[in-house]
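A.B. asks: Got a structure here, written out as structure tokens. Questions coming.
2 protein chains.
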Amino acid sequence: MELDNRKIIILKTIIKNYLATGEPVGSRTISKESGLSLSSATIRNEMSDLEEMGYILQPHTSAGRIPSDKGYRFYVDSILQESDNRVSEVTDIMLKRVDKLENLLKQMVKILAVDTNYAALVSGPVLSENKIRYLQLSQPSPVKLLLILVCEGNIIKTELISCKKPLDTEELLNLNLLLNNSLAGRSFKEITPKLIAELLVQAGSQRNLVSTILNAVVELMETGEESRDIYTSGATNILKYPELSETDKAQKLISAFEEKDELKELVAEVTRSETDNSHNVTVYLGGEGPIQNMQDCSLVTANYELGEGLRGVIGVIGPKRMDYEKVLHSMQVMMDQLDRMFGKEE
Amino acid sequence: MELDNRKIIILKTIIKNYLATGEPVGSRTISKESGLSLSSATIRNEMSDLEEMGYILQPHTSAGRIPSDKGYRFYVDSILQESDNRVSEVTDIMLKRVDKLENLLKQMVKILAVDTNYAALVSGPVLSENKIRYLQLSQPSPVKLLLILVCEGNIIKTELISCKKPLDTEELLNLNLLLNNSLAGRSFKEITPKLIAELLVQAGSQRNLVSTILNAVVELMETGEESRDIYTSGATNILKYPELSETDKAQKLISAFEEKDELKELVAEVTRSETDNSHNVTVYLGGEGPIQNMQDCSLVTANYELGEGLRGVIGVIGPKRMDYEKVLHSMQVMMDQLDRMFGKEE
DNA sequence: GTTAGCACTCTTTATCATCGACTGCTAACA
DNA sequence: TGTTAGCAGTCGATGATAAAGAGTGCTAAC
Numbered sequence: 023m024e025l026d027n028r029k030i031i032i033l034k035t036i037i038k039n040y041l042a043t044g045e046p047v048g049s050r051t052i053s054k055e056s057g058l059s060l061s062s063a064t065i066r067n068e069m070s071d072l073e074e075m076g077y078i079l080q081p082h083t084s085a086g087r088i089p090s091d092k093g094y095r096f097y098v099d100s101i102l103q104e105s106d107n108r109v110s111e112v113t114d115i116m117l118k119r120v121d122k123l124e125n126l127l128k129q130m131v132k133i134l135a136v137d138t139n140y141a142a143l144v145s146g147p148v149l150s151e152n153k154i155r156y157l158q159l160s161q162p163s164p165v166k167l168l169l170i171l172v173c174e175g176n177i178i179k180t181e182l183i184s185c186k187k188p189l190d191t192e193e194l195l196n197l198n199l200l201l202n203n204s205l206a207g208r209s210f211k212e213i214t215p216k217l218i219a220e221l222l223v224q225a226g227s228q229r230n231l232v233s234t235i236l237n238a239v240v241e242l243m244e245t246g247e248e249s250r251d252i253y254t255s256g257a258t259n260i261l262k263y264p265e266l267s268e269t270d271k272a273q274k275l276i277s278a279f280e281e282k283d284e285l286k287e288l289v290a291e292v293t294r295s296e297t298d299n300s301h302n303v304t305v306y307l308g309g310e311g312p313i314q315n316m317q318d319c320s321l322v323t324a325n326y327e328l329g330e331g332l333r334g335v336i337g338v339i340g341p342k343r344m345d346y347e348k349v350l351h352s353m354q355v356m357m358d359q360l361d362r363m364f365g366k367e368e
Numbered sequence: 023m024e025l026d027n028r029k030i031i032i033l034k035t036i037i038k039n040y041l042a043t044g045e046p047v048g049s050r051t052i053s054k055e056s057g058l059s060l061s062s063a064t065i066r067n068e069m070s071d072l073e074e075m076g077y078i079l080q081p082h083t084s085a086g087r088i089p090s091d092k093g094y095r096f097y098v099d100s101i102l103q104e105s106d107n108r109v110s111e112v113t114d115i116m117l118k119r120v121d122k123l124e125n126l127l128k129q130m131v132k133i134l135a136v137d138t139n140y141a142a143l144v145s146g147p148v149l150s151e152n153k154i155r156y157l158q159l160s161q162p163s164p165v166k167l168l169l170i171l172v173c174e175g176n177i178i179k180t181e182l183i184s185c186k187k188p189l190d191t192e193e194l195l196n197l198n199l200l201l202n203n204s205l206a207g208r209s210f211k212e213i214t215p216k217l218i219a220e221l222l223v224q225a226g227s228q229r230n231l232v233s234t235i236l237n238a239v240v241e242l243m244e245t246g247e248e249s250r251d252i253y254t255s256g257a258t259n260i261l262k263y264p265e266l267s268e269t270d271k272a273q274k275l276i277s278a279f280e281e282k283d284e285l286k287e288l289v290a291e292v293t294r295s296e297t298d299n300s301h302n303v304t305v306y307l308g309g310e311g312p313i314q315n316m317q318d319c320s321l322v323t324a325n326y327e328l329g330e331g332l333r334g335v336i337g338v339i340g341p342k343r344m345d346y347e348k349v350l351h352s353m354q355v356m357m358d359q360l361d362r363m364f365g366k367e368e
């Protein structure tokens, strides 16, 4: 059987209606709302077909139809295609100019949550190619060394290191020189065992100390997923959707949002799976890919990039019957905002 | 009327039972469980008295009694007294040695939540008297200055500052000298307008730059409540208690845990209200003090101190019928752990 | 002072009939 | 052949009613 135009219209009507109400939709409703002038009986026949083809299903005999995963998938894909061509309207979301990136992201995720009425998350950006600009050692107290690492994009990281015996000024200067000579300009990957070995040889008597420092540097450089910041908002929106608010499911979901660990993995997974999409907008339906343990949920994600290779993920989690059109649009607007704010700058 | 011994036993039995079940408790239950060999009828008479005295109340005519706020207060206070004398048993909570304080706190709050089955929060520590140990300026790129501020307790803060024109090495050195001379050893309060004015005079041609730097320093020093980190865990435990899991209340509470802003205020308020209690353990009943908008909740808080004046707040939020005994005990154990870990060190 | 017993209240739970929203099928129609 | 009207049948939702259960207050007796 073929999915002809009329079937498509009916399918879309069913889905839209279901998204809006959360209730199974019956043939009469469609007959009235689809725009087609067909009687409910005809619709019923078509619906029979659609069910047979697997796009919709019936929770129980005397109920209307709800979209199946295949149906959702079809719908989401067709929206995704449309919105590529659509110019996102300029909405006047007032993202007040904020001083810190962190605050900006917090603000963004909040707006997204309020705007969509779903749970939203944003990952802090991670440098894809994190290069050391320079590093600096100083000595706050006799047996402590402060390591300051400045990376491309002015990312600053510090670490306190204990050392056995105090260094005098000259030693400190030499150490700084030595480290900068070999490490400045290098990315994480370029700190090879060979390089480390060389450095240790050059270090001479300071061998142990240099080794400790190198460990600290490597640790700081590992912008590992574990260290990624995740900001969330609107987790409790989940409670608004009956199909998710059964105590058990809601608990799991909201916990995931609170503890963040799961979200980190999720972000990691999303980051890995690159597509050629412009902002890499992807829709995962419950059970697929990164959200296997989130039944009945949908996850919409997009990647953002702030220039200089700073990249992160933004996402919205809601029930399967989420208003995809709206969510995709909201995300688009967010992306545009970010592009505008950071495209111009620097 | 007087609260004689028998009344106290009955009252405690009522409360304990209510805490365990969440259901109003009737006279027969008490007759069986109180340990007193009295018939339910006698108990009923006593309960009448207790109700008249305001310690308990009846949700509706044909129901048992539940503790009133006055009842809770009585109960909590009596526990608090007891547990002062009690040696906290050593429980073998495995707080794995963690490298970062942040992780330790996260671990702690998680344990507390799991252990008590309520929602738990811990605030990151804040230096009560935050003194600058030294500060350092360096120049990562021609028009950027990196300000590094090292405070007592090895708290390190950094800030990137833009400057109009590049400084040469000597200027940078002088600037560092100037700033350290006047600021090192000072606490936030000691950076007075007078001091600032003096500094600006000494700065001479670098006046503008020094002003910018000073602003940054002051900003970094303000360990304002807004910048306090808050770690939470177990927010969804709230859903386990019927009296809180009505969508509306649960939503509010869990949101508070997610967005953290409210919690920050709460912590601020708790911090302000000092008592002479050893760990400053306090129980707030729903509506009292910092949790006015959290009806039907109780908040148990304690202060912790990590030496060097690093202080923070730890707390548990649950329904009014929370198992105070257990919570207070768990918190006690946490405090002991912290004391042990940080008392020995340094 | 304590207790047994009874009448009364009020919530909870179960049961049952009714209603309404659907579907699927058949037969008629264009 | 595609479309439609109509009807029987299914199943969940709703609401009313009854029965059960838990508790109290009061009174009278011990």
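First to last, the sequence lines map onto chains W and A.
The opening position of the first sequence corresponds to residue 23 in this note's numbering, with each subsequent residue numbered one higher.
The opening position of the second sequence corresponds to residue 23 in this note's numbering, with each subsequent residue numbered one higher.
Cβ atoms here follow ideal geometry from the backbone N, Cα and C, with glycine treated the same way.
1) Let me know the secondary structure DSSP gives Glu74 (chain W) once reduced to three states.
2) Give, in chain order, every residue of the segment 186-216 of chain W whose Cβ lies closer than 9 Å to some Cβ of chain A.
3) Within this structure, are the beta carbons of Gly340 (chain A) and Ala141 (chain A) separated by less than 8 Å?
4) Give the straight-line distance between the Cα atoms of Lys118 (chain A) and Met353 (chain A), rounded to the nearest whole angstrom.
5) Name, please, each residue of chain A whose Cβ falls closer than 9 Å to the Cβ of Ile170 (chain W).
6) In three-state DSSP terms, what is Gly226 (chain W)?
7) Check the Cβ-Cβ distances between Leu117 (chain W) and every residue of chain A, and say whether any is below 8 Å.
8) What span of residues does the beta strand (DSSP E) with Asn325 (chain W) cover, start to end?
9) Shorter than 8 Å from the beta carbon of Tyr280 (chain W) to some beta carbon of chain A?
10) Mind pulling the alpha helix (DSSP H) runs of 4 or more residues that sit fully within the segment 187-239 of chain A?
11) Can you say whether Pro164 (chain W) is buried or exposed, counting buried as having 16 or more other CB atoms within 10 angstroms of its CB?
12) Compare the Cα-Cα distances from Glu291 (chain A) to each of A:Gln317, A:Glu281, A:Asp270, A:Leu321 and report the closest residue.
13) Helix, strand or coil, according to DSSP, for Gly146 (chain A) in the structure here?
14) If you count every other CB in all the chains shown that lies within 10 Å of the CB of Asn230 (chain A), and 16 or more means buried, which is it?
15) Name, in chain order, the residues that DSSP records as bridge partners for Thr304 (chain W).
16) Which same chain residues end up closer than 7 Å to Glu241 (chain W) when comparing Cβ atoms and leaving out the 5 residues on each side of it in sequence?
17) For His82 (chain A), is the classification buried or exposed, using 16 other Cβ atoms within 10 angstroms of its Cβ as the cut-off for buried?
18) Could you tell me the alpha carbon to alpha carbon distance between Val239 (chain A) and Asn152 (chain A), rounded to whole angstroms?
19) Alpha carbon to alpha carbon, how far is Leu41 (chain W) from Glu327 (chain A)? Give it in angstroms, no decimals.
20) Measure from the C-beta of Ser255 (chain W) to each C-beta in chain A and report whether the shortest distance is under 8 Å.
21) Do you know how far the Cα of Asp137 (chain A) is from the Cα of Gly256 (chain A)?
22) Considering only residues of the same chain and omitting the five flanking positions on each side of Lys92 (chain W), which have a CB-CB separation below 7 Å?
23) How many angstroms separate the CA atom of Gly243 (chain A) from the CA atom of His351 (chain A)?
24) Use the C-beta contact count for Ser277 (chain W): other C-beta atoms within 10 angstroms, 16 or more gives buried, fewer gives exposed.
25) Could you round the C-beta distance between Ile183 (chain W) and Ile235 (chain W) to whole angstroms and report it? I think they count as a contact, below 8 Å.
26) Should Asn27 (chain W) be labelled buried (16 or more other beta-carbon atoms within 10 Å of its own) or exposed?
27) Would you say Ile276 (chain W) lies against chain A (beta-carbon separation less than 8 Å)?
28) Which stretch, first to last residue, makes up the alpha helix (DSSP H) that contains Glu281 (chain A)?
29) With DSSP as the reference, identify every bridge partner of Val172 (chain A), one or two as the case may be.
30) Rounded to whole angstroms, what's the CA-CA distance from Arg250 (chain W) to Val131 (chain W)? Just pull it up for me.
31) What residues match up with Val338 (chain A) in a beta bridge as DSSP calls it?
32) Taking the Cβ atom as the reference point for each residue, do Gly146 (chain A) and Gly337 (chain A) lie within a distance shorter than 8 Å?
33) How about Thr258 (chain W): is its C-beta nearer than 8 Å to some C-beta of chain A?
34) Give the straight-line distance between the Cα atoms of Leu143 (chain A) and Ile88 (chain A), rounded to the nearest whole angstrom.
35) Can you find the residues in the same chain that come closer than 7 Å, C-beta to C-beta, to Lys179 (chain W), ignoring five residues on each side of it along the sequence?
36) Given that Ala272 (chain W) touches chain A, what residues does it touch there, using C-beta distances under 8 Å?
C.D. replies: The short version:
1) helix
2) none
3) yes
4) Note that Lys118 (chain A) scores a pLDDT of 35, beneath 50, so its modelled location is shaky and nothing firm can be said.
5) Gln158, Ser160, Leu168, Ile170, Ile178, Thr180
6) In this structure, DSSP gives Gly226 (chain W) a helical state, which the three-state scheme calls helix.
7) In this predicted model, Leu117 (chain W) has a pLDDT of only 35, less than 50, meaning its place in the structure is not dependable; the value taken from the coordinates is given anyway. No, because no Cβ of chain A sits closer than 8 Å to the Cβ of Leu117 (chain W).
8) 319-327
9) The residue asked about is misnamed: residue 280 (chain W) is Glu in this sequence, not Tyr. Yes, because at least one Cβ of chain A sits closer than 8 Å to the Cβ of Glu280 (chain W).
10) The segment 187-239 of chain A contains these whole alpha helix (DSSP H) runs: 191-205, 215-225.
11) exposed
12) A:Leu321
13) coil
14) exposed
15) Partner residues in the beta bridge of Thr304 (chain W), as assigned by DSSP, are W:Thr323.
16) none
17) With fewer than 16 other Cβ atoms from the protein chains shown falling within 10 Å of its own Cβ, His82 (chain A) counts as exposed.
18) 12 Å
19) 52 Å
20) yes
21) 10 Å
22) Excluding positions up to five away in sequence, the list reads Gly76, Tyr77.
23) The residue you asked about is not Gly; residue 243 (chain A) is Met in the sequence shown. If I take the Cα positions, the gap works out to 35 Å.
24) buried
25) 6 Å
26) exposed
27) Yes, Ile276 (chain W) counts as interfacial toward chain A.
28) 269-281
29) A:Tyr156, A:Ile178
30) So the two alpha carbons sit approximately 16 Å from each other.
31) A:Ala142, A:Val322
32) no
33) yes
34) 28 Å
35) Leu171, Leu242
36) Thr258, Leu261
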